[in-house]
Amino acid sequence: MKNRGFTLVELLTSIILIGLIIGLAVPAYGKYINKSRKNSFKETLNGLSRAIEIYIASDSSRDYSDPIPLDAIELEAENISSITDGSFYVKKGKVIFVDVSNGYYCGNGYKKDLVIYDGPCKKES
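In our numbering, the protein residues as written are 2 to 126.
In structure tokens, the structure reads:
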């Protein structure tokens, strides 16, 4: 009578191989997710910049050279509800963001030269 089945060594080898594959895949997946969220935040800021440009064009009576909180104006842009904090000003026709945050990332600068940091923006006390 011949026994059919796996030996203990075969089972341990397969478990170790599966563990190695998972050990390599999970960190790579985490980096991919983080990069995707950061790109999504950047695209949200680009859309927000376009919405601010349209808003400014419709309300040219106001001076936008000093920082203005984003919640001080009414904007309609995709994913704007994810923005929790920040302000902007206009310099030479360019919308420049100051400490715009969604709680996970912080963005500063003009949309082409936007600098995004991990974590929320640090508030000065």
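Beta carbons: idealized from backbone N, C-alpha and C, even for Gly.
- With a 10 Å radius around the Cβ and a threshold of 16 neighbouring Cβ atoms, Asn40 comes out exposed.
- Per the DSSP secondary-structure output, Cys107 pairs in a beta bridge with Ser102 and Tyr118.
- Only exposed fits Tyr30, as fewer than 16 other CB atoms lie within 10 angstroms of its CB.
- Note that the stretch 4-16 does not touch the stretch 62-74; fewer than 3 beta-carbon pairs, one per stretch, sit closer than 8 Å.
- The beta strand (DSSP E) runs lying completely inside the stretch 44-108 and spanning 3 residues or more are 86-92 and 95-102, given in chain order.
- By the C-beta density criterion, Ser50 is buried, having at least 16 other C-beta atoms within 10 angstroms.
- Inter-residue distance for Tyr90 and Ser37 is about 27 Å (C-alpha atoms, whole angstroms).
- At a Cβ-Cβ threshold of 8 Å, Gly120 and Val101 do not count as neighbours.
- The three-state secondary structure of Thr14, taken from DSSP, is helix.
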